[in-house]
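Numbering (our numbering), first residue to last: 12 to 292.
Even glycine gets a Cβ: it sits at the ideal position worked out from N, Cα and C.
This report concerns only the one structure given below.
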Amino acid sequence: MELARFVHSIPANKRAKSAKSKQLSEKAMDTTTYIALSRQTSLWNQLEVIGNNLANTNTLGFKGSDVLFSEYLYNIRSDERPFKDKVAFTQDFGLVRDTSQGRMRHTNNPLDMAIQGDGFFALQGPNGEVYTHAGNFTLDSEGRIVNQAGYPLLSDRGQPIELEDGVDNITINGDGGIIAKLPDGLSEEVDRIRVVTFEDERELKPISGSLYAAEAGQFPIEADFPRIAQGALEDSNVNAVEEMTRMIALNRSYQEVHQMIREEHDRKKKANEVFTRRVSA
């Protein structure tokens, strides 16, 4: 005999009570699953952020990121309960950038520079100005000081810094002044490096590696007293050991949540089987 006939043979009030109990049971189990899935999604996003941090451990001037979490409360309404139950979900709503300075490494290369403290080098990108902490510059065929992608370093006049033929023995002062020895043997300041800051550098849009662009409404502020170290570079501020430790812990948490979801699925399946046997009895 089909299951539907067994259901019709049960008194209406008993059927309604059993169905309602099943719905409440399923709702509770669904809520548990949703909470677990919200946690699993947040863990996955955090793993992606840590993976990006590890991939940029050796990127000059890179700033590591982390995920921001919040507790999202949801009210469960039930006719059988006088009060509403609040269930807490895990919700990740953004990233926060660690703006602490990376380790300073001396190279003795005259075109290597590092900013001590706050500030960014301003570069002429393909679609406007971009900003970076990476100071591993070189000279291109036109005599311009450029980064590894070929973006020219800008002066305090907003123009690419270009050294004339015959300029030798470049010295970069702490305030960004470029002192060069001219062909006649004299030395003079030929240009000055532009260093800028922002009201909140965490709002800068990352482009790639340690390159950033200003969002709409963000305006660079000229640094009054920049501190530039010549012959040095700022390494990434990511600690590879710490990030690997966090990744291992997150992987374990992810597996634990996955196991809990599987167990919840099995409990729900068993509950349906028990309900079916009771209805069939």
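Just mark Lys-74 as buried or exposed, buried being the case when its beta carbon has 16 or more other beta carbons within 10 Å. By the 10 Å Cβ count, Lys-74 comes out buried.
Met-115 and Ala-240 look like a contact to me (Cβ under 8 Å); what is the Cβ gap, rounded to whole Å? 7 Å
Here's the rule I'm using: 16 or more other beta-carbon atoms within 10 Å means buried, otherwise exposed. How should Leu-164 be labelled? buried
Buried versus exposed call for Val-285 [16 or more other C-beta atoms within 10 Å across all chains shown]: exposed
Could you tell me the boundaries of the alpha helix (DSSP H) in which Phe-209 lies? Careful: Phe-209 lies outside any alpha helix (DSSP H) and carries neither H nor E.
By Cβ distance below 8 Å, which residues in the same chain neighbour Leu-65 in space, the five residues on each side in sequence not counted? Val-249, Ala-251, Glu-254, Met-255 and Met-258
Taking the CB atoms as reference points, tell me whether Tyr-113 and Ser-247 lie closer together than 8 Å. The sequence given here places Gly at residue 113; Tyr does not occur at that position. In contact: Gly-113 and Ser-247 (Cβ atoms closer than 8 Å).
I'd like the list of long-range same chain contacts for Ile-181, defined as Cβ closer than 6 Å, with 5 residues on each side in sequence excluded. Pro-121 and Ala-191
Identify the continuous alpha helix (DSSP H) that holds Ile-259 and give its terminal residues. 251 to 291
Should Pro-171 go down as buried or exposed, given a rule of 16 or more other Cβ atoms within 10 Å for buried? Burial is judged here by how many other beta carbons sit within 10 angstroms of a residue's own beta carbon; Pro-171 has at least 16 and is buried.
Under the assumption that Thr-143 contacts Ser-198 (Cβ atoms under 8 Å), give the Cβ distance between them as a whole number of angstroms. So it is not a contact: roughly 28 Å between Cβ atoms.
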